[in-house]
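Peer 1: So the sequence lines, in the order shown, correspond to chains R and W.
According to the UniProt record's numbering, the residues represented by the first sequence are 1 to 137, in order.
According to the UniProt record's numbering, the residues represented by the second sequence are 1 to 137, in order.
Note that CB positions come from ideal geometry on N, CA and C, so glycine has one too.
Protein chains: 2
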Amino acid sequence: METIEQLLESKDIRVTAMRLLIYKFLAEKEVAVTLSDIENAFEKADRTTLYRTIKTFEEKDIVHQIDDGTGITKYALCEQGCSCNIKTDLHLHFHCTNCGETVCLTDHKIPQIKVPEGFISENVNLVVKGICDKCSG
Amino acid sequence: METIEQLLESKDIRVTAMRLLIYKFLAEKEVAVTLSDIENAFEKADRTTLYRTIKTFEEKDIVHQIDDGTGITKYALCEQGCSCNIKTDLHLHFHCTNCGETVCLTDHKIPQIKVPEGFISENVNLVVKGICDKCSG
DNA sequence: GTTAATAATGCACTTCTGTTGCATCCCTTT
DNA sequence: AAAGGGATGCAACAGAAGTGCATTATTAAC
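(1) Counting Cβ pairs closer than 8 Å, one from the region 87 to 101 of chain R and one from the region 38 to 46 of chain R, do we hit at least three?
(2) State the start and end residues of the unbroken beta strand (DSSP E) segment that holds R:D107.
(3) If you run the structure through DSSP and keep just helix, strand and coil, what is residue 183 of chain W?
(4) R:L21 lies in the beta strand (DSSP E); which residues open and close that run?
(5) Bridge partners of R:C96, per DSSP?
(6) Of all the options W:I4, W:K11, W:S10, which has the alpha carbon lying nearest to the alpha carbon of W:A17?
(7) Taking the alpha-carbon positions, what's the W:I110 to W:S10 distance?
(8) Rounded to the nearest angstrom, how far is the Cβ of W:L35 from that of W:L50, given a contact under 8 Å?
(9) Return the chain-ordered list of same chain residues with a C-beta closer than 8 Å to the C-beta of R:I113, the five sequence neighbours on each side being excluded.
(10) Would you give the residue range spanned by the beta strand (DSSP E) that W:I66 belongs to?
(11) According to DSSP, which residues form a beta bridge with R:T34?
(12) Would you identify the three-state DSSP class for W:E43, choosing helix, strand or coil?
(13) Could you give the residue range of the alpha helix (DSSP H) that holds W:L90?
(14) Using the Cβ count rule (16 or more neighbours within 10 Å means buried), how would you classify W:T53?
(15) Output yes or no for whether 7 Å exceeds the beta carbon distance between R:H93 and R:D68.
(16) Going along the region 12 to 40 of chain W in order, which residues come within less than 7 Å of chain R, judged by CB to CB distance?
(17) Find the nearest neighbour of R:T106 within the set R:L77, R:G71, R:V15, R:I22, judged by alpha-carbon distance.
(18) Which word fits W:G130, buried or exposed, when buried means at least 16 other C-beta atoms lie within 10 angstroms of its C-beta?
(19) Counting contacts by CB-CB distance shorter than 7 Å, is R:T88 in contact with chain W?
Printed below as a string of structure tokens:
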């Protein structure tokens, strides 16, 4: 099994204590988190560091950004073999309007969307809003 | 043909000079606009007024809000018979990563999306990103 | 192992969007 | 003409996002 250190190194990310902690935090969460979620979890650390760490993770394709319509950007770890940097095979996200949580529905692929003549589709963002399984039960 | 005054009145919106101007501005635009777009077009008017005018239009269902993933909320006039307030018949939006413009593809309906057991879908936001017809030509 | 270079972190500050409270103005109705 | 209610304008605030620079830590070179 691959350690987190190995994973980061394989993605050209220098390993630091901070980055390991942030990675672990993201791995423990099953839902997408905002920057302030991370901020609250690491009150000792500076906001800028957290911000730039996430940006680094994003550039190196180990987290992907989610825009769930709340106006606040959320982030989640890419799955093993996540192809969020590839344009065609995107999963969708579910935003619960009750608890506010956003989860990746990695099993549910986005159907092919037709666009009019002249338009070139490169990426699709699909967010379903409603009530999640925890809140509907 | 219905005048703008009649339209506003039919939606319980009091007609003012400002509101007529903002409505006309939205009608002329073929793309979704941000609040600062409107701000730039009406430099004499106060930001708050424009903000609240749009909010009023939104409440009364003559504009709909678009979240195209840029992080900035955009607005567009609802089409004749627009059902954006109804949960099922939503059109999709196209965001051009070249010119930054976002257009409503009102003819293109969103396919039914399956969600896992326990999840209740109430609303779907679908934004296709890529190159628009003007930029690809 | 010390030093030089490079990257990471922390602090301060700025910008932008969105929002609210309050005073004032304008229009409508009586 | 006066009163009431909504519209407008001003000020101010909150939160997210982002940048510049100094400082610290890590790696690489000698």
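Peer 2: On the basis of the data shown:
(1) At 8 Å Cβ cutoff, the stretches do not touch.
(2) Counting along the chain, R:D107 sits inside the beta strand (DSSP E) bounded by residues 102 to 109.
(3) Nothing can be reported for residue 183 of chain W, as the shown portion of chain W is limited to 1 through 137.
(4) Taken as a continuous stretch (DSSP letters only), R:L21 belongs to no beta strand (DSSP E), being part of the alpha helix (DSSP H) at 17 to 28.
(5) R:G130, per the DSSP bridge assignment.
(6) With respect to the C-alpha of W:A17, the residue from W:I4, W:K11, W:S10 having the closest C-alpha is W:I4.
(7) Using only the alpha carbons, I get a separation of about 29 Å.
(8) Between W:L50 and W:L35 the Cβ distance is about 6 Å, and since that is below 8 Å, they are a contact.
(9) Sequence-distant Cβ neighbours of R:I113 in its own chain, meaning closer than 8 Å and more than five residues away, are S121, V124.
(10) Segment 63 to 66, the beta strand (DSSP E) holding W:I66.
(11) R:T34 is bridged to R:K74.
(12) DSSP places W:E43 in coil when its eight states are reduced to three.
(13) For W:L90, no alpha helix (DSSP H) encloses it, and the DSSP letter there is neither H nor E.
(14) Buried, since its Cβ has 16 or more Cβ neighbours within 10 Å.
(15) Yes, the pair counts as a contact, with Cβ atoms nearer than the cut-off.
(16) Against chain R - using a Cβ distance shorter than 7 Å - the region 12 to 40 of chain W contributes no residues.
(17) Ranking R:L77, R:G71, R:V15, R:I22 by Cα distance to R:T106 puts R:L77 first.
(18) Around the CB of W:G130, 16 or more other CB atoms lie within 10 Å, so the residue is classed as buried.
(19) With a pLDDT of 47 at R:T88, under the threshold of 50, the predicted position of this residue should be treated as unreliable, and no value is reported.
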